[in-house]
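Below you'll find the structure, written out as structure tokens, and then a few comments.
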Amino acid sequence: MTTTLEQPKVETPEPPPARRRWEPWALAALLVGTAVAYIWGLGASGWANSFYAAAVQAGSESWKAFFFGSSDAANSITVDKPPMSLWVMSLSVRVFGLNTWAMLVPQALLGAGSVALLYATVKRWFGAAAGLLAGLVLALTPIAVLMFRFNNPDALLVLLMIASVWAMLRAVEDGRTRWMVLTGVFVGLGFLTKQLQVMLVVPPLALTYLLAGPPKFGKRLAQCFAALGAMIVSAGWWLLTVELWPASSRPWIGGSQNNSILELTLGYNGLGRLNGEETGSVTPGGGARGEAGAAMGDAMAGGGFPGGGPGGGGGMWGSTGITRMFESAQGGQIAWLIPAALILLVAGLAVRGRAPRTDTHRASFVVWGLWLLVTGLTFSFMAGIFHAYYTVALAPAVAALVAIGSVTLWRRRDTLWVRAVLAVTLLATAAMSWVLLGRSASFVPWLKWAVVVAGVLAAVAVLIPALTRGRIAAVVTLAALFTGLAGPTAYAVDTIATPHTGSIVSAGPTVEGGRGGFGGMGGPGGMDGAGRMGGRTDGGAAPTMPGGAAPGIAPGATFGASATDSMGGMGAMGGGAAGGLLSGSNPSAELVALLEQDSGNYTWVAAAIGSNSASGYQLATEDPVMPIGGFNGSDPSPTLEQFQQYVADGKIHYFIAGGRGGGMGGDGTASEISTWVQANFTAVTVDSVTLYDLTS
């Protein structure tokens with residue numbers, strides 16, 4: 003008797019149809035159109051998020067700052083994220099010089115690359131039509147349009163997350179270990195981009211491969227551990243280097259209270275985001291310091307907002323719950339096609355229900371579906387810091403599910419229940435667009451009516467078999483595309499036409515009940531140039547708080563220099579020449595000239611409380627400016643003793659008052675330094691900015 007070893011069954015993909023002439027032209031149009039849209043008018047956004055722009059400038063001047071992701075070239079403190087996204091922009095600035103285009107064009111190209119990679123991932127098993135639809139949906143998702151035109155880490159994060167799914171599905175295709183190792187590498191690089199957020203895609207990747215991978219279960223499990231090892235190596239080399247590097251010769255780890263990258267990873271950027279205990283943040287329970295900070299936090303958590311909190315209740319970062327992604331703050335960013343994606347996910351799994359275990363079509367539904375569910379539910383219930391732009395992490399999953407689900411069902415439209423599902427999907431999409439467009443009464447008011455009419459007509463048409471054949475089917479398809487994409491496209495066009503600056507931004511027009519400023523105040527964006535809530539810089543009126551003012555601020559006041567006095571010495575929330583918590587400083591030519599005098603004689607031409615306050619001065623002078631206390635002004639860097647020694651050694655020329663101030667999140671070292679400077683040096687005012695010459 004002879005025995006043979008059972009060989010794993012490897013699914014053979016269905017032979018792809020002959021390549022049609024229009025496919026390469028359609029792909030070229032998609033990618034060129036995406037690149038042009040993302041690059042168009044980038045210069046109007048200036049430094050965008052000046053917090054990261056300053057770190058890009060620093061990295062372009064100093065390789066040490068480049069490696070650590072320092073806020074300044076003199077390496078006093080890092081940003082509160084790993085530096086991989088900064089590396090891309092800093093290299094561009096090294097080549098092309100410091101300007102908006104050199105910094106933001108790489109982000110736009112990452113966006114076009116994400117669209118191309120999603121197209122390739124979907125096309126491999128579902129055909130060119132599905133790939134093109136997936137790419138188009140991603141390209142037009144409003145928050146994706148914004149993030150691919152901005153300098154936050156999310157652009158690179160999205161590309162790497164898509165790449166991890168692409169590699170894992172290749173492993174499902176042939177069972178080779180190298181693909182799972184590559185999957186782990188992409189996740190590890192994502193970790194070096196935005197730390198634990200990339201981990202939301204790990205359960206979908208692992209579960210999908212354990213379910214559908216061709217080898218026997220033992221080998222599949224071993225391959226998953228190989229992917230885990232690759233992830234640890236690709237991310238751990240940098241973490242280990244930073245952790246082992248002598249603290250005395252590297253910058254302080256921004257966002258940590260104990261100068262530890264592990265603390266930052268597991269705390270402020272880790273579990274703190276889930277449970278709301280981000281030590282050092284400006285949340286009431288997360289380490290805000292000072293009476294002004296506590297009062298502001300309490301007001302923002304319940305006293306100054308309808309329903310008890312921004313976004314309608316539940317706390318400083320908006321209400322949590324299953325409907326969070328559909329609320330005013332997030333809805334217009336991402337929710338347009340979420341109902342369609344969920345319906346098509348269930349229907350797609352039903353269609354592939356009898357397929358072999360290794361069916362890659364079903365594996366695609368599983369991985370994209372789990373991505374959407376795991377990430378969406380985490381965002382919906384996380385109690386810590388949450389901003390609407392985080393939802394860009396949902397965009398690839400929504401786009402892929404809509405594309406593969408639509409194409410899968412359309413190919414089976416001879417079946418009554420399939421046509422019924424398509425009709426329900428169209429009606430749900432039209433209803434979602436009606437709700438979202440209705441939140442901006444003055445924004446193309448006719449569009450919601452057109453979407454509903456097109457959606458109803460398309461839904462009726464797909465129920466009639468004769469209307470899904472021949473040339474009339476093309477008309478039905480166009481009506482369906484209009485139903486799903488008209489609203490997002492309108493938001494995308496508005497986003498492209500509107501400059502965005504500040505630390506907290508959102509896409510599209512101002513919406514009723516929305517939040518675009520700090521913790522939910524205002525419309526799209528963080529702060530405008532005058533320090534008002536809402537980070538649009540198109541000259542439109544910025545939304546205000548209920549009653550016309552923020553808690554504790556007289557009606558009509560802005561969060562500029564005047565707010566410092568109104569809030570008992572608390573630093574400005576944003577705007578104005580001195581900047582603040584959420585937007586960079588905007589120094590005049592006279593002030594820049596003053597800072598540049600004898601700049602070569604100092605390690606730092608100035609110091610200011612908070613990274614955003616320091617950023618504008620640094621970007622204007624291209625000389626290091628020390629951001630005391632990091633982003634929130636609450637990091638104990640430097641200590642008062644260290645600062646005094648720097649001053650004694652003649653390393654800092656000026657201390658710039660205002661800005662972050664030393665109020666909320668700053669009764670520690672930042673407040674001590676500010677008090678000491680005011681007691682020992684003479685203040686002068688230059689173009690409404692107060693500064694102290696520390697060498698006099």
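First residue of the sequence shown: 3, per the working numbering; consecutive thereafter.
Note that CB positions come from ideal geometry on N, CA and C, so glycine has one too.
Rounded to a whole number of angstroms, what is the C-alpha to C-alpha distance between residue i and residue j?
{"i": "Asn77", "j": "Met233", "result": "28 Å"}
{"i": "Ser435", "j": "Trp606", "result": "51 Å"}
{"i": "Thr322", "j": "Thr497", "result": "26 Å"}
{"i": "Ser613", "j": "Pro85", "result": "16 Å"}
{"i": "Gly586", "j": "Ala118", "result": "34 Å"}
{"i": "Ile324", "j": "Tyr493", "result": "24 Å"}
{"i": "Ala608", "j": "Leu642", "result": "16 Å"}
{"i": "Ala622", "j": "Gln59", "result": "10 Å"}
{"i": "Glu674", "j": "Pro629", "result": "15 Å"}
{"i": "Thr671", "j": "Pro640", "result": "7 Å"}
{"i": "Pro253", "j": "Val437", "result": "48 Å"}
{"i": "Leu276", "j": "Leu379", "result": "11 Å"}
{"i": "Val376", "j": "Val160", "result": "15 Å"}
{"i": "Ser590", "j": "Ile506", "result": "24 Å"}
{"i": "Pro155", "j": "Lys83", "result": "8 Å"}
{"i": "Leu346", "j": "Trp24", "result": "27 Å"}
{"i": "Gly220", "j": "Ser64", "result": "48 Å"}
{"i": "Ser444", "j": "Glu265", "result": "46 Å"}
{"i": "Gly562", "j": "Thr684", "result": "Summary for Gly562: the model assigns pLDDT 31, below 50, so the residue's position carries little reliability, and this model does not support an answer."}
{"i": "Thr243", "j": "Gly215", "result": "35 Å"}
Tell me which same chain residues have a C-beta within less than 6 Å of the C-beta of residue i, skipping the five on either side of it?
{"i": "Arg172", "result": "Trp181"}
{"i": "Thr36", "result": "Ala114, Val117 and Ala141"}
{"i": "Pro626", "result": "Asp74, Ala75, Ala76 and Trp606"}
For residue i, which residues of its own chain have a beta-carbon under 8 Å away from its beta-carbon, when the five flanking residues on both sides are left out?
{"i": "Ile145", "result": "Gln335, Ile336, Ala390, Tyr391, Thr393, Val394, Ala397, Ser508 and Ala509"}
{"i": "Leu230", "result": "Gly186"}
{"i": "Val420", "result": "Ala349, Val353, Leu411 and Arg414"}
{"i": "Ala488", "result": "Ser435, Leu449, Ala452, Val453 and Ala456"}
{"i": "Ala39", "result": "Ala141, Val147, Ala494 and Ile498"}
Assuming the contact rule is C-beta atoms closer than 8 Å, residue i and residue j should be a hit. Round their C-beta distance to whole Å, please.
{"i": "Phe53", "j": "Gly61", "result": "No, Phe53 and Gly61 are not in contact; Cβ-Cβ is about 13 Å, not under 8 Å."}
{"i": "Gly371", "j": "Leu411", "result": "The Cβ separation is near 15 Å, so there is no contact."}
{"i": "Val167", "j": "Val409", "result": "At roughly 18 Å, the Cβ-Cβ gap does not stay under 8 Å, so Val167 and Val409 are not in contact."}
{"i": "Tyr121", "j": "Leu44", "result": "Their Cβ separation, rounded to whole angstroms, is 23 Å, which puts Tyr121 and Leu44 out of contact at 8 Å."}
{"i": "Leu162", "j": "Leu191", "result": "5 Å"}
{"i": "Val462", "j": "Ala432", "result": "So it is not a contact: roughly 12 Å between Cβ atoms."}
{"i": "Ala157", "j": "Leu202", "result": "Actually they do not touch by this definition, with Cβ atoms about 17 Å apart."}
{"i": "Val124", "j": "Ala365", "result": "Contact doesn't hold; Cβ gap of about 13 Å is too wide."}
{"i": "Gln197", "j": "Asp637", "result": "That belief does not hold up - the Cβ atoms of Gln197 and Asp637 are roughly 17 Å apart, past 8 Å."}
{"i": "Val464", "j": "Leu424", "result": "5 Å"}
{"i": "Val688", "j": "Leu593", "result": "5 Å"}
Tell me where the beta strand (DSSP E) around residue i begins and ends.
{"i": "Pro629", "result": "Val627 to Ile630"}
{"i": "Ile654", "result": "Ile654 to Ile658"}
{"i": "Ala365", "result": "No beta strand (DSSP E) contains Ala365, which is instead part of the alpha helix (DSSP H) from Thr362 to Phe383."}
{"i": "Ala685", "result": "Ala685 to Val688"}
Around the C-beta of residue i, are 16 or more other C-beta atoms found within 10 angstroms, so that it is buried, or is it exposed?
{"i": "Asn101", "result": "exposed"}
{"i": "Gly278", "result": "buried"}
{"i": "Val686", "result": "exposed"}
{"i": "Ile474", "result": "exposed"}
{"i": "Ala104", "result": "buried"}
{"i": "Gln620", "result": "buried"}
{"i": "Ser251", "result": "exposed"}
{"i": "Ser698", "result": "exposed"}
Following the continuous alpha helix (DSSP H) through residue i, name the residue where it begins and the one where it ends.
{"i": "Ile611", "result": "That residue, Ile611, is in no alpha helix (DSSP H); its beta strand (DSSP E) goes Trp606 to Ile611."}
{"i": "Asp695", "result": "Segment Val691 to Asp695 is the beta strand (DSSP E) holding Asp695; no alpha helix (DSSP H) there."}
{"i": "Val97", "result": "Met86 to Phe98"}
{"i": "Ala131", "result": "Ala130 to Leu142"}
{"i": "Thr479", "result": "Gly472 to Ala499"}
{"i": "Thr243", "result": "Phe219 to Leu246"}
{"i": "Ser52", "result": "Ser52 to Glu63"}
{"i": "Gly440", "result": "Leu418 to Gly440"}
{"i": "Lys196", "result": "Thr179 to Lys196"}
{"i": "Gln2", "result": "This structure cannot speak to residue 2, because the chain is shown only from 3 to 698."}
Quick one: residues in its chain with C-beta nearer than 7 Å to the C-beta of residue i, no 5 flanking neighbours on either side, listed in chain order?
{"i": "Ala482", "result": "Leu428 and Ala460"}
{"i": "Ser92", "result": "Val58, Gly61, Ser62 and Phe68"}
{"i": "Thr179", "result": "Gln225 and Ala228"}
{"i": "Val679", "result": "Phe657 and Tyr694"}
{"i": "Gly169", "result": "Strictly speaking, residue 169 in this sequence is Ala, with Gly absent from that position. Around Ala169: Trp181, Leu184, Thr185 and Phe188."}
{"i": "Val204", "result": "Val189"}
{"i": "Asn261", "result": "Ala249, Trp254 and Ile255"}
Should residue i be flagged as near chain D, meaning a C-beta pair shorter than 8 Å?
{"i": "Ile675", "result": "You won't find chain D in this structure, because it holds only one protein chain."}
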